[in-house]
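Enquirer: Residue numbers (this note's numbering), protein chains in the order written: chain A, 2 to 197; chain B, 2 to 197.
One structure, as structure tokens, below. Some questions next.
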DNA sequence: CCTACCGATCGGTAGG
DNA sequence: CCTACCGATCGGTAGG
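What follows is the structure in structure tokens.
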């Protein structure tokens, strides 16, 4: 009866995926039923299958879209001939903006990737490990050039990647997040610390 | 047939809860069935209900045990008459050690609390907000005393609480984590930054 | 502790 | 896009 509204510039599949990301974030992938998803769109559950292959495919679409965005962004950062600090600032800024602009999708990629089926699960972890490894290299270079002090590169990368997720908490809180202030504070904290 | 082995110093309920925490972490709460949990213990699913009330109750037990541990620890920190930096170091250290020593439980409390039923869900969030608020106060005091530079206290707290979760990633990686090295690096990063 | 079982709900398909 | 439906699995209970 009610047709699925294609989101502007998108297919019906895109519209379904977007709704799915919102529900997966709010309730978790396993706790979201296809009937709920259908209802939130205004059709019967069986109608969804004219546009998508399976529930798990929706999760795959979300997770790999996010992973790809981060990879593309890091490609660009690596090519720039700027200081290590600048590169790290840019990486952190990109993470923060991704979380603010694609809240549902990034959250789902961060929290629900475990529900991916093989071979997608392995593929996703491979991409993530690669991303982390490239950040480790940036930090190692920075240490060699004396731009950074001598810290443990792997620990620093995981600390940064975790810290940046604090943005998740701001969506649930104060309505009006000043994203510039968030960025400045987090970047300054992670690079300069809390003293002086 | 096979009796549930009571863990040393614990009831059968404790043994079940511990197994549940491991499965909830590995697969997620919603994706773990009571039949799986029973099988991992070596009994039939129905036998579990002689020791526990419901699946959700297992989650409640895990989440509130963790929340309580953090609250008790913060109580002690607040009472100490030491510098703000020392207090923050102690808080960070406690988080890291909790994640290393009670990996499954802390992970579940961090990732699966959304599956809590009311009124437990509201209660859990209340406790978490209170914990965060008390950390904010510590930081505000530190700024007032010029022990910390003038940063946004709420952002700093969420950054610290998120950063500390990087420890999660170390369980899945290198087998032998040197916990002291982890602690020193993360604390130094969050307090002194990456430079000099 | 087990066997036997219940009602509900799940993802997905057939067929139009 | 819908109706009608399937087999599987779920959390949990009855009764011993």
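Where is the CB? At the ideal position from N, CA and C, for every residue including glycine.
#1: Would you identify the three-state DSSP class for residue 108 of chain B, choosing helix, strand or coil?
#2: If we define contact as Cβ-Cβ less than 9 Å, is residue 194 of chain B a contact residue for chain A?
#3: Measure the alpha-carbon distance for residue 193 of chain A versus residue 27 of chain B and round it to whole angstroms.
#4: Under the assumption that residue 1 of chain A contacts residue 87 of chain B (Cβ atoms under 8 Å), give the Cβ distance between them as a whole number of angstroms.
#5: Mind checking whether residue 159 of chain B and residue 195 of chain A have CB atoms under 9 Å apart?
#6: Any idea what DSSP makes of residue 50 of chain B, helix, strand or coil?
#7: Buried or exposed, going by whether 16 or more other CB atoms sit within 10 Å of the CB of residue 120 of chain B?
#8: Is any beta-carbon of chain A found at less than 9 Å from that of residue 87 of chain B?
#9: Following the continuous alpha helix (DSSP H) through residue 190 of chain A, name the residue where it begins and the one where it ends.
#10: Can you confirm whether the segment 62-73 of chain A touches the segment 9-22 of chain A when touching is taken to mean that 3 or more C-beta pairs between the two stretches lie within less than 8 Å?
#11: Is there at least one Cβ from chain B nearer than 9 Å to residue 29 of chain A's Cβ?
#12: With C-beta atoms as the reference, is residue 188 of chain A less than 9 Å away from residue 129 of chain A?
#13: If the cut is a Cβ gap below 9 Å, which residues of chain A does residue 37 of chain B touch?
#14: Quick check: the segment 95-112 of chain B against the segment 67-86 of chain B, are at least 3 beta-carbon pairs closer than 8 Å?
#15: At the 9 Å Cβ level, is residue 42 of chain B part of the contact set with chain A, yes or no?
#16: Put residue 159 of chain A into one of helix, strand or coil per three-state DSSP.
#17: Does residue 186 of chain B pass the burial test, meaning 16 or more other C-beta atoms within 10 Å, or should it be called exposed?
#18: Can you confirm whether residue 104 of chain A, when its beta carbon is compared against all beta carbons of chain B, has any partner nearer than 9 Å?
#19: Please tell me whether residue 156 of chain B and residue 144 of chain B are closer than 9 Å, where the distance is taken between their beta carbons.
#20: So for residue 12 of chain B, helix, strand or coil by DSSP?
#21: Should residue 23 of chain B and residue 105 of chain B be called a contact, given that it needs their Cβ atoms to be closer than 9 Å?
#22: Let me make sure I understand the geometry here. Which of B:139, B:107, B:7, B:191 has the alpha-carbon closest to that of residue 66 of chain B?
#23: Could you tell me which whole beta strand (DSSP E) segments of length 3 or greater appear in the segment 78-102 of chain A?
#24: Which first and last residues belong to the alpha helix (DSSP H) in which residue 44 of chain A is found?
#25: Within 10 angstroms of the Cβ of residue 167 of chain A, are there 16 or more other Cβ atoms? Answer buried if so, exposed if not.
#26: DSSP state of residue 167 of chain B, grouped into three classes?
#27: Please check the pair residue 139 of chain B and residue 85 of chain B, which I expect to be a contact at CB under 8 Å, by giving their CB distance rounded to whole angstroms.
#28: Hey, could you find the ends of the alpha helix (DSSP H) residue 128 of chain B is sitting in?
Expert: Per the coordinate set shown:
#1: Note: residue 108 of chain B maps to helix in three-state DSSP.
#2: So yes, residue 194 of chain B belongs to the interface.
#3: Spanning the two alpha carbons is a distance of roughly 36 Å.
#4: Lying outside 2 to 197, the shown extent of chain A, residue 1 of chain A is not represented and no answer is given.
#5: For residue 159 of chain B and residue 195 of chain A, no; Cβs fall outside 9 Å.
#6: In the displayed model, residue 50 of chain B falls within coil according to three-state DSSP, outside both helix and strand.
#7: Exposed.
#8: Proximity of residue 87 of chain B to chain A, defined by a Cβ-Cβ separation below 9 Å, is not satisfied.
#9: Looking at the DSSP string, the run of the alpha helix (DSSP H) that includes residue 190 of chain A is 180-193.
#10: Contact holds: three or more Cβ-Cβ distances are below 8 Å.
#11: Residue contact check for residue 29 of chain A against chain B: a CB pair falls below 9 Å.
#12: Result no, Cβ atoms of residue 188 of chain A and residue 129 of chain A do not sit closer than 9 Å.
#13: Near residue 37 of chain B there are no residues of chain A at all, since even the closest Cβ is about 13 Å away, more than 9 Å.
#14: Between the segment 67-86 of chain B and the segment 95-112 of chain B, the count of C-beta pairs closer than 8 Å reaches three or more; the two stretches touch.
#15: By this cut-off, residue 42 of chain B is not an interface position.
#16: In the structure shown, the three-state DSSP call for residue 159 of chain A is helix.
#17: So residue 186 of chain B ends up on the buried side.
#18: For residue 104 of chain A, not one C-beta of chain B is nearer than 9 Å to its own C-beta.
#19: Going by C-beta atoms, residue 156 of chain B is not nearer than 9 Å to residue 144 of chain B.
#20: Of the three classes helix, strand and coil, the one that applies to residue 12 of chain B here is coil, per DSSP.
#21: Yes; because the gap between Cβ atoms is below 9 Å, this pair is in contact.
#22: Ranking B:139, B:107, B:7, B:191 by Cα distance to residue 66 of chain B puts B:107 first.
#23: Listed in chain order, there is nothing to give.
#24: It is not in any alpha helix (DSSP H) - residue 44 of chain A carries neither H nor E in the DSSP assignment.
#25: Buried, because 16 or more other Cβ atoms sit within 10 Å of the Cβ of residue 167 of chain A.
#26: Secondary structure of residue 167 of chain B (DSSP, three-state): helix.
#27: Yes, they are in contact, since the Cβ atoms of residue 139 of chain B and residue 85 of chain B sit about 6 Å apart, within 8 Å.
#28: Residue 128 of chain B -> alpha helix (DSSP H) spans 121-145.
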